[in-house]
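Step one of this worksheet: look at the structure below.
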Amino acid sequence: MPMVPLSWLRDHVEIPASVTVPQLAAALVKVGLEEETIHPARVTGPLVVGKVLTREPKEQSNGKVINYCRVDVGQYNDEPGTGKEPSDLPSRGIICGAHNFDVGNLVVVSLPGAVLPGPFEISARKTYGHISDGMICSERELGLGEDHNGILVLTDKFDADQIPAPGSDVIPLLGLGEEVLEINVTPDRGYCFSMRGVAREYSHSTGATLTDPGLPDGLDLPEHSDSALSVEVEDKRPIRDHVGCDRFVTRIVRGVDTHAQTPKWMVERLEMAGMRSISLPVDVTNYIMLDLGQPMHAYDLGSVAAPIVVRRAEKGEHLVTLDGEDRALNDEDLLITDSPQGQHGSRIIGLAGVMGGLDSEITEGTTDLVLEAAHFDSISIARTSRRHFLASEASKRFERGSDPAIPPVAIARACALLEEYGGGQADPHVFEVNTVPEARPIDMKVSETQRLTGLELPPARIRELLETIGCQVHGEDSEAQWQVTPPSWRPDLTGPADLVEEVARLHGYDEIPSILPQAPAGHGLTTAQKTRRDVARVLANAGLTEVESYPFMSTAAHDRQQLATDDPNRQAVRLRNPLADDAPLLRTRILDTLLDVAGRNMSRGMNHIAVFEIAKVVRPAGTVPSDLPSAEQRPSVEVEAQLQAGVPSQPWHVGAILCGNATGNGVFEQPRVYDWADAIDLVWRVAQSLGVKVETARGWLPESTPVRKGPPMPQASSDPHAVAPWHPGRMAQVFVRNGKTLTVVARAGELHPRVCEAFGLPKRSCALELDVDALVAHMAEEPIQVSGVSTFPVAKEDFALVVANDIPVARVAQVIRQAAGALAEEVSLFDIYEGDQVPDGHRSLAFTVKLRADDRTLSADEVMRTRNDIISRTGKTLGAQLRA
Numbered sequence: 001m002p003m004v005p006l007s008w009l010r011d012h013v014e015i016p017a018s019v020t021v022p023q024l025a026a027a028l029v030k031v032g033l034e035e036e037t038i039h040p041a042r043v044t045g046p047l048v049v050g051k052v053l054t055r056e057p058k059e060q061s062n063g064k065v066i067n068y069c070r071v072d073v074g075q076y077n078d079e080p081g082t083g084k085e086p087s088d089l090p091s092r093g094i095i096c097g098a099h100n101f102d103v104g105n106l107v108v109v110s111l112p113g114a115v116l117p118g119p120f121e122i123s124a125r126k127t128y129g130h131i132s133d134g135m136i137c138s139e140r141e142l143g144l145g146e147d148h149n150g151i152l153v154l155t156d157k158f159d160a161d162q163i164p165a166p167g168s169d170v171i172p173l174l175g176l177g178e179e180v181l182e183i184n185v186t187p188d189r190g191y192c193f194s195m196r197g198v199a200r201e202y203s204h205s206t207g208a209t210l211t212d213p214g215l216p217d218g219l220d221l222p223e224h225s226d227s228a229l230s231v232e233v234e235d236k237r238p239i240r241d242h243v244g245c246d247r248f249v250t251r252i253v254r255g256v257d258t259h260a261q262t263p264k265w266m267v268e269r270l271e272m273a274g275m276r277s278i279s280l281p282v283d284v285t286n287y288i289m290l291d292l293g294q295p296m297h298a299y300d301l302g303s304v305a306a307p308i309v310v311r312r313a314e315k316g317e318h319l320v321t322l323d324g325e326d327r328a329l330n331d332e333d334l335l336i337t338d339s340p341q342g343q344h345g346s347r348i349i350g351l352a353g354v355m356g357g358l359d360s361e362i363t364e365g366t367t368d369l370v371l372e373a374a375h376f377d378s379i380s381i382a383r384t385s386r387r388h389f390l391a392s393e394a395s396k397r398f399e400r401g402s403d404p405a406i407p408p409v410a411i412a413r414a415c416a417l418l419e420e421y422g423g424g425q426a427d428p429h430v431f432e433v434n435t436v437p438e439a440r441p442i443d444m445k446v447s448e449t450q451r452l453t454g455l456e457l458p459p460a461r462i463r464e465l466l467e468t469i470g471c472q473v474h475g476e477d478s479e480a481q482w483q484v485t486p487p488s489w490r491p492d493l494t495g496p497a498d499l500v501e502e503v504a505r506l507h508g509y510d511e512i513p514s515i516l517p518q519a520p521a522g523h524g525l526t527t528a529q530k531t532r533r534d535v536a537r538v539l540a541n542a543g544l545t546e547v548e549s550y551p552f553m554s555t556a557a558h559d560r561q562q563l564a565t566d567d568p569n570r571q572a573v574r575l576r577n578p579l580a581d582d583a584p585l586l587r588t589r590i591l592d593t594l595l596d597v598a599g600r601n602m603s604r605g606m607n608h609i610a611v612f613e614i615a616k617v618v619r620p621a622g623t624v625p626s627d628l629p630s631a632e633q634r635p636s637v638e639v640e641a642q643l644q645a646g647v648p649s650q651p652w653h654v655g656a657i658l659c660g661n662a663t664g665n666g667v668f669e670q671p672r673v674y675d676w677a678d679a680i681d682l683v684w685r686v687a688q689s690l691g692v693k694v695e696t697a698r699g700w701l702p703e704s705t706p707v708r709k710g711p712p713m714p715q716a717s718s719d720p721h722a723v724a725p726w727h728p729g730r731m732a733q734v735f736v737r738n739g740k741t742l743t744v745v746a747r748a749g750e751l752h753p754r755v756c757e758a759f760g761l762p763k764r765s766c767a768l769e770l771d772v773d774a775l776v777a778h779m780a781e782e783p784i785q786v787s788g789v790s791t792f793p794v795a796k797e798d799f800a801l802v803v804a805n806d807i808p809v810a811r812v813a814q815v816i817r818q819a820a821g822a823l824a825e826e827v828s829l830f831d832i833y834e835g836d837q838v839p840d841g842h843r844s845l846a847f848t849v850k851l852r853a854d855d856r857t858l859s860a861d862e863v864m865r866t867r868n869d870i871i872s873r874t875g876k877t878l879g880a881q882l883r884a
């Protein structure tokens, strides 16, 4: 994130001397540059000039020689009676282990209470038999460099007239006392990764006068010449129809003393920006990048052969970058190459916009340099940076969009610095490739500002704000539409909405009126939404816990569920870019992912699991894939229809898994585990709550039904894979009857033993999968009408009917209700018997039927007549006989 020192920013914009860093941060926040943090000065506390008055070497028992010094620190000298070591001279006693100074030298003294970089707090302490009342500092201890061989002698670094008197604050002289603001820049404001951009925003916020160093004013920009180091751009694979490089400027600087010391002011600014000084040529290019926002690179002229070629990488090419890493290149990587021994663009010398190569690095023997400043396509650089996990200061700026107009200016300013501080001589000409397209004006309706923001601004004010950010506005104030050309440093301004955002930002977001929108009366939840909530409520009331799982599943999930190879549920949508490589499919049933949830909980010590999930599943059957249309224009009706045909069906399902104990562990409670009847019962509860009449294909028993003999349900003869993951003989298909059409809405029952083993579940675990959308489709259009509670007495009759085994219980109950008609208040099964007292292939089903009328007390004749009707109807329809 950009670091903003006030002293540097003042080079570009007028900032009053009284402005503090917090005030600077507040001003930038007004225009959208968020404060990240304020870094304190590198040194705080009393750091003063000291004059060495005495130096007494003292050899210690370990052979080390230390110096006990008396140092004049002006107003900080010890006062009599302070308890410190006495002296004839006003001074402080300090122990120092260095020997590169003598009496009379001016040094830097940190007094007790000072904090040096580290942080390292200075305090008075007794050592080597004396009280050291402060510390004489070295460059390394002050954070000025790596020299730790001796202390910093001020007279060796500064002219005598620059050094203040003993006791004076030395922090301003050393440049150690400046706070630095770190700001957070959004991706669309890449120009603020420079002092030039931040200064512009401060000017917008405060109205301060801006001096733009990125303009060619006052610079003698050299002209292009073919005799300069030539450049060719060969981009055979442009990104989004944009060539990777549309501007490339080179200039040679000869006779540069690469050992020349970087000026102190430049080193200080680089360090405040978080960069270290390396060498004069590198420091100059880094400084220009931080100052103007234009990344640059310097090559050793002796190691570069013309022409320089900008091209895409070829398959199998490698590059060792400046960080020493050997990188395998991708054919979309944009490269800087040269042409040794006539081989056109054959040697790679840099990864364009990201990092230079090791072969062309500036060495100690380098004297002649090639400076490069270019403009690269932002998307190309961003992809290369991410592909190689190589985020450099240059790539951060290029991928956000650099200013294509500034490379010649950056080259000129860098050459001027190398000539001034390195003794170099720049060639009189540059070589420049410039194919930057002309800026395209944006058609903007003047009314857009009010329409999008609510700000009622006069056209003159809108024009003023747009011109403030550097736009050229073509059109009169009286016209309804203008043509606005954005400045070169704002590639993010591409449409009218972007321009309106700039108007609102500079005028002030706090000026946008707060208008509470009118909330129209809504229609509430849809029927489908209410239904899904009702389903979840029924299952929660039954003791189940709702969970949410990711809809992604592995390719092995269907195998673990024992699904047949031709099972329709295996037809799953495969994601092109899955979140996890081992889960690339979208589930076709809730159980595809819910089984993993149950198994994970069981593996963590849970002995009772009753969970459900209500969510969408994806059924791709019947979809017709279509190509993605272009984003240049709105798709036609035909294209929209093709897209819709390619969208798979996504019905709402609910799945549940029951395993372990169905009852608590109370002393007076008989323990019981979940069985297949619990799962089927939940489906019936859900259907009943929605008013949908359902039936089961293989019978259903309520939870309290005792089974005295024989298997709990008749064994199915179908292929086990056909009903996977359920046990083929202990599951039921629940369906809705619509005339002669049967619609299966759910499957429920006991899971197959192999499935339980595959997912780590207990034996006899149960599950259900219910199509909520199918239930909604069979709900009555009219709301469920609840009848009143009759106050007349009930008549109860019991029936034990012997029927064939293949007749479902629900079918028998249905016939009983039909025979009893409106008098049937409740029909419930209370017993099943299969044994010697009934014929083979038959069973006895015992029902309790409650009869009640709404308007009268039933007579004995009415009850008997209804009983006979039930016996007659079940006999004729089902062949049932009343058991003796």
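By UniProt numbering, the letter at position 753 of the sequence shown is numbered 753, and the numbering carries on one by one without gaps. All C-beta atoms, glycine included, are put in the ideal place defined by N, C-alpha and C.
Identify the continuous beta strand (DSSP E) that holds residue i and give its terminal residues.
| i | result |
| --- | --- |
| M731 | 726-738 |
| L181 | 180-184 |
| C245 | 245-254 |
| I95 | 92-96 |
Quick check on the DSSP output: the alpha helix (DSSP H) that includes residue i runs from which residue to which?
| i | result |
| --- | --- |
| R461 | 459-468 |
| Y287 | 280-292 |
| M195 | 195-206 |
| L24 | 21-29 |
| Q642 | 637-645 |
| D581 | Run containing D581: none; DSSP gives neither H nor E here. |
Just confirm the distance between the C-beta atoms of residue i and residue j, as a whole number of angstroms; I'd bet it's less than 8 Å.
| i | j | result |
| --- | --- | --- |
| A410 | A373 | 5 Å |
| I442 | V484 | 5 Å |
| L594 | V611 | 7 Å |
| L823 | T791 | 16 Å between Cβ atoms; not a contact. |
| A439 | S514 | In fact, because the Cβ distance is near 36 Å, the residues do not count as touching under 8 Å. |
Which residues in the same chain as residue i place their Cβ atom closer than 6 Å to its Cβ, once the five residues preceding and following it in sequence are excluded?
| i | result |
| --- | --- |
| S717 | At S717, the pLDDT of 35 sits below 50, so the modelled position is not reliable; the number obtained from the coordinates is stated separately. Nothing meets the Cβ criterion. |
| P714 | In this prediction, P714 has a pLDDT of 34, which is less than 50 and means its spatial position is unreliable; what the coordinates show is noted afterwards. Counting only Cβ-Cβ distances below 6 Å, and skipping sequence neighbours, we find N805. |
| E232 | P307, V309 |
| V433 | V231, V233, F248 |
| L111 | P46, Y76, G134 |
| G760 | G599, M602, S603 |
| G875 | none |
| P5 | E178, V180, M272 |
| residue 895 | Given a span of 1 to 884 for the chain in the structure shown, any question on residue 895 remains unanswerable. |
Should residue i and residue j be called a contact, given that it needs their Cβ atoms to be closer than 9 Å?
| i | j | result |
| --- | --- | --- |
| P620 | Q561 | no |
| R251 | V370 | yes |
| V827 | R817 | yes |
| L334 | R311 | yes |
| R400 | P187 | yes |
Excluding five sequence neighbours on each side, which residues of the same chain lie with their C-beta closer than 8 Å to the C-beta of residue i?
| i | result |
| --- | --- |
| R505 | V31, G32 |
| S478 | P459 |
| D861 | none |
| K709 | Low local confidence applies: a pLDDT of 33 at K709 is under 50, so the model's placement there is unreliable, with the coordinate-based value given in what follows. Closer than 8 Å at Cβ, skipping near neighbours: Y833, E834, G835. |
| L358 | V320, T321, L322, G324 |
In chain order, what residues of the same chain lie with their CB nearer than 7 Å to the CB of residue i, ignoring the 5 residues before and after it?
| i | result |
| --- | --- |
| E268 | G175 |
| A540 | E546 |
Problem - Contact the region 41-49 vs the region 168-177: 3+ CB pairs below 8 Å - result: yes
Practice task
Check whether the region 216-226 touches the region 294-313, counting contact only when three or more Cβ pairs, one atom from each stretch, lie closer than 8 Å.
Solution key: no
Problem - Inter-stretch contact (C-beta, 8 Å, three-pair minimum) for the region 349-363 and the region 380-387 - result: yes
Practice task
Decide if the region 597-609 is in contact with the region 761-781; the criterion is three or more beta carbon pairs, one per stretch, under 8 Å apart.
Solution key: yes
Practice task
Report yes or no: do the region 834-845 and the region 765-784 share at least 3 C-beta pairs separated by less than 8 Å?
Solution key: Segments in contact, no.
Exercise for the section: Please determine if the region 284-300 and the region 383-397 are in contact, where contact requires at least 3 C-beta pairs separated by less than 8 Å. Expected result: yes
Problem - Stretch pair the region 280-291 + the region 315-330: three plus CB contacts closer than 8 Å - result: Flag = no, the region 280-291 and the region 315-330 do not touch.
Practice task
Report yes or no: do three or more beta-carbon pairs, one from the region 579-597 and one from the region 540-557, lie closer than 8 Å?
Solution key: yes
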